[in-house]
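A.B. asks: Sharing a structure, written as structure tokens. Questions coming.
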Amino acid sequence: MMGKDYIKIGIMNGRLSPPVDNHIQSFPVNAWRNEFQRACDCGFDSIEWVFDLNPNPILQNDGIEEIRSLSKKYNVKVAVVCADYFMQKMLFDVGESDLKQNLTVLKTLIQQCSKIEIAILEIPFVDSSSLKTQSNKDQMISNLQQMVDFANSQNVKITLETDLPPTDFKNLLENFGSHVGANYDTGNSAALGYDVKEELQTLKPWLTNIHIKDRLYGGNTVVFGSGNTDFDLVFSTLAKINYNGQLIIQGAREDQKMIDPQDTCKKYLKFVKNYVAKYNLVTSEHKVSKS
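See the structure below:
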């Protein structure tokens, strides 16, 4: 893969460390510092930071300075924050007092992202925070609108992940114009049985970040290559739509007693790099004009 500037590949925060309380994804409270060196050793370009209910240094200015220092030392950028916090402290279907508190946390998080030059703040609306009804969608749109202009003023792009069918997701995003982006998840798409090409082509104007994982149709996240994600179709379509954003590996954990998390992540990185090279996914600066 030498000689070309391929698109950046990152790892989800926590995947390089043993799980916290057996959760597949949670902020690694005691191991986050070590993940910068581990990511560097594996060859990752970036980390997608997890912000959940656990104590998190990103909320503190001294924590931000430590993150910045480690990022620079190991040349591993924090490119995205995944705000799983709002899957439990939701931005719809909650009382006025709770909503005000949750929006205050969101505003603070936007400010902190801006200080450390994190350009993407991703909010998941899946699983426990899935937008099941039109009322859910209307409330979320109204409540999030309050933060969109502020985020833009801070050079932070709010990016949504949903489990909506592509046309419904597109209709949702159109309420925000170009000010809100879309996060796409290859595994969730496979689990829901959606049409990859239709999704990626429909969401192209908003695509800001992509999670790479494998899942069984109607089932759980599994080891890369053992589920129903059609990686050839995913990467060939990404090439056709000229996607040049981040790819974030969010793979299944393997048996911790048998395999070190870092070894799993190295294996996944090699897997993804092979597809990136196969379909020649390079940055915009290295795309050849067809005119």
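Taking our numbering, the leading residue of the sequence shown gets 34, the next gets one more, and so forth.
From the three backbone atoms N, C-alpha and C, an ideal C-beta is built for every residue, glycine too.
A quick note: this is a predicted structure, and the numbers were derived from the prediction, not measured.
(1) Which word fits Thr316, buried or exposed, when buried means at least 16 other C-beta atoms lie within 10 angstroms of its C-beta?
(2) Is it the case that the Cβ atoms of Leu154 and Val114 are separated by a distance below 7 Å?
(3) When you compare the segment 62 to 76 with the segment 297 to 306, are there three or more beta-carbon pairs, one atom per stretch, that lie closer than 8 Å?
(4) What residue range is occupied by the uninterrupted alpha helix (DSSP H) comprising Lys273?
(5) Buried or exposed: where does Met291 fall if 16 or more other Cβ atoms within 10 Å of its Cβ makes it buried?
(6) Taking just the CA atoms, how far does Asp160 sit from Met120?
(7) On the three-pair Cβ rule with 8 Å, is the segment 161 to 175 touching the segment 97 to 109?
(8) If you reduce the DSSP assignment to three classes, tell me which class Pro52 lands in.
(9) Answer with buried or exposed for Asn89, where buried requires no fewer than 16 other C-beta atoms within 10 angstroms of its C-beta.
(10) Would you decide whether Ser79 is buried or exposed? Buried here means 16 or more other CB atoms lie within 10 Å of its CB.
(11) Using only CA atoms, which one of Gln283, Thr270, Ala285 lies nearest to Tyr308?
(12) Are any of the Cβ atoms in chain C nearer than 7 Å to that of Ser269?
C.D. replies: Taking the coordinates as given:
(1) exposed
(2) The Cβ-Cβ distance between Leu154 and Val114 falls below 7 Å.
(3) Three or more Cβ pairs drawn from the segment 62 to 76 and the segment 297 to 306 lie within less than 8 Å of each other, which places the two stretches in contact.
(4) 264 to 273
(5) exposed
(6) 8 Å
(7) no
(8) coil
(9) buried
(10) buried
(11) Thr270
(12) Absent from the structure is chain C; it holds one protein chain and no more.
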